[in-house]
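Engineer: Protein chains in written order, with the working numbering: chain A, 1 to 270; chain B, 1001 to 1252.
Glycine included, each C-beta is placed from N, C-alpha and C at the ideal position.
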């Protein structure tokens, strides 16, 4: 096992796993407490259209996916702030159209079918050092925003009506949370793939929520849990030659069930 | 002097008129109760006073200025405090939200803000719970926390939208006792259906159903035992009939 750590791609995979875990721990917490899980799913699948565009025009994957994901986040934000009643319809629609666009564009690109699966289920072992810079940069931005606007984001998430009344720009912060979610989803796609993104953004967060009585503790715990799941998942993936993304998600899911089961037993005993 | 002065106020959503020619003067240390049917315009009036909706016809002045200029002087306790009860947030953090809009440190909370929040919690008798999760409280306790949050900004007026809507009878009484205490130095405006409590605590009652009828209520007009006994909605009908007869008598 330890000789594996001498390979560059394994080191990159571990660093990427931890960077993305910390980002998704923070943003996943915001997504869960704001009940935006479905929105994040919509953004993840819409981002596939961006991947298609990037592949078709020969652009970097992160660039294409990010621009597309941020655009879809902005559209979703404006829809949810304006017409809440039909937002699930719109998001479902964007979800499907984004995927369709991605599939068609990748089909039209000669000789590219090989990579199709890697976007759906992740390719953490193929992380380059420029990818790492992108992930690190995003984490720094997230940490910066959380440090200085934590109070506003907390107020908007907990009680947007009151926050609005006290003069916080609720629309701005709501949109900001969605845009950060979009960027986090894009880097998480590299690690676990867009189909499994939702699991990475919710399973560690769900466990952390049960153990914390305040939002920032929840964010930190989520990041730690997520990192641990990613490292263990990677180890299984390396040891048994199985897909890394799926392996990470299964490790998380098994932990979640153990956690819930043990919680029940403890409550019985009491 | 009126600290909230409403003159010839009318308001419509699209084409439907919700408020028609409202005139109201709230004086310092009043305990004003606003009653009226659902959809009668009570919440709209609050939104106008709080500057959420802007005034188009007539005028509202709070402390002699337009409503949005004096938001810091008005504390607000929203109607539904049962939203987001699973949210991972400590009670002290909820109260600290009351400081929003004032000067603050670059990050985190200032010691002074924390002290102030604890003071507000003490005022509503909830300081023991400062570090508990909000979800661990009962409806009545949560309502107290929301009042503490509003008090945190040192308001001159406290506006509560149906503060006892989802609280058991004991809890309701406690909330009104607390409001009475606060009323010794703060003006209270409360939208409510709890007529039995309003009779005991409010100094002024207005009834809003598109138009406003103003009633200087003295307890003599209501035999208390009559009102106290009823706790359901039928009460309201009785009260309105009584109000009508008073109105007829005194030509208010």
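1) Under 8 Å by Cβ, that's how I've got residue 229 of chain A and residue 255 of chain A pegged, so tell me the actual separation to the nearest angstrom.
2) In whole angstroms, what separates the C-alpha of residue 1004 of chain B from that of residue 1183 of chain B?
3) Could you check whether residue 1158 of chain B and residue 1186 of chain B sit closer than 8 Å to each other, using their CB atoms as the reference points?
4) Give me the chain C residues within the contact set of residue 83 of chain A, using Cβ-Cβ distance strictly less than 8 Å, ordered along the chain.
5) With a cut-off of 8 Å, do at least 3 Cβ pairs link the region 36 to 45 of chain A to the region 12 to 21 of chain A?
6) Here's a check: name, in chain order, each residue in its chain whose Cβ is nearer than 6 Å to the Cβ of residue 34 of chain A, leaving out the five neighbours to either side.
7) Among all the DSSP beta bridges, which residues are the ones paired with residue 1016 of chain B?
8) Under 9 Å Cβ-Cβ, which residues of chain B neighbour residue 218 of chain A?
9) Residues of chain B with CB closer than 9 Å to the CB of residue 228 of chain A, please, in chain order.
10) Taking the C-alpha atoms as reference points, what is the distance between residue 1093 of chain B and residue 1050 of chain B?
11) Which word fits residue 269 of chain A, buried or exposed, when buried means at least 16 other C-beta atoms lie within 10 angstroms of its C-beta?
12) Measure the CB-CB distance between residue 271 of chain A and residue 29 of chain A and report whether it falls below 8 Å.
13) Report the rounded CA-to-CA distance for residue 1006 of chain B versus residue 1162 of chain B, giving the unit in angstroms.
14) Measuring CB to CB, does residue 257 of chain A end up less than 8 Å from residue 1107 of chain B?
15) Could you please tell me which residues of the region 1118 to 1134 of chain B, in chain order, have their CB closer than 7 Å to any CB of chain A?
16) Below 8 Å on the Cβ atoms is my contact criterion, and I expect residue 98 of chain A with residue 47 of chain A to pass it. Report the Cβ-Cβ distance as a whole number of Å.
17) Using beta carbons (cut-off 8 Å, strictly below), is residue 1063 of chain B in contact with chain A?
18) Apply the 10 Å Cβ neighbour rule to residue 96 of chain A and answer buried if 16 or more other Cβ atoms are within range, or exposed otherwise.
19) Please report whether the beta-carbon of residue 212 of chain A lies at a distance below 8 Å from any beta-carbon of chain B.
20) Just the chain A side, please: which residues come within less than 9 Å of residue 1189 of chain B by C-beta, in chain order?
21) Which bits of chain A does residue 1100 of chain B rub up against, with CB to CB less than 8 Å?
Structural biologist: This is what the structure gives:
1) 7 Å
2) 16 Å
3) yes
4) This model lacks chain C altogether, as its protein chains are A and B.
5) no
6) 157
7) B:1013
8) 1088
9) Per Cβ cutoff of 9 Å: no residues; residue 228 of chain A is ~20 Å from chain B at best.
10) 23 Å
11) exposed
12) Because chain A here runs from 1 to 270, residue 271 of chain A falls outside it and cannot be looked at.
13) 21 Å
14) no
15) 1133
16) 7 Å
17) no
18) exposed
19) yes
20) The premise fails here: residue 1189 of chain B is roughly 15 Å from chain A at the closest Cβ pair, so nothing lies under 9 Å.
21) 151, 152, 155, 163, 166, 167, 168
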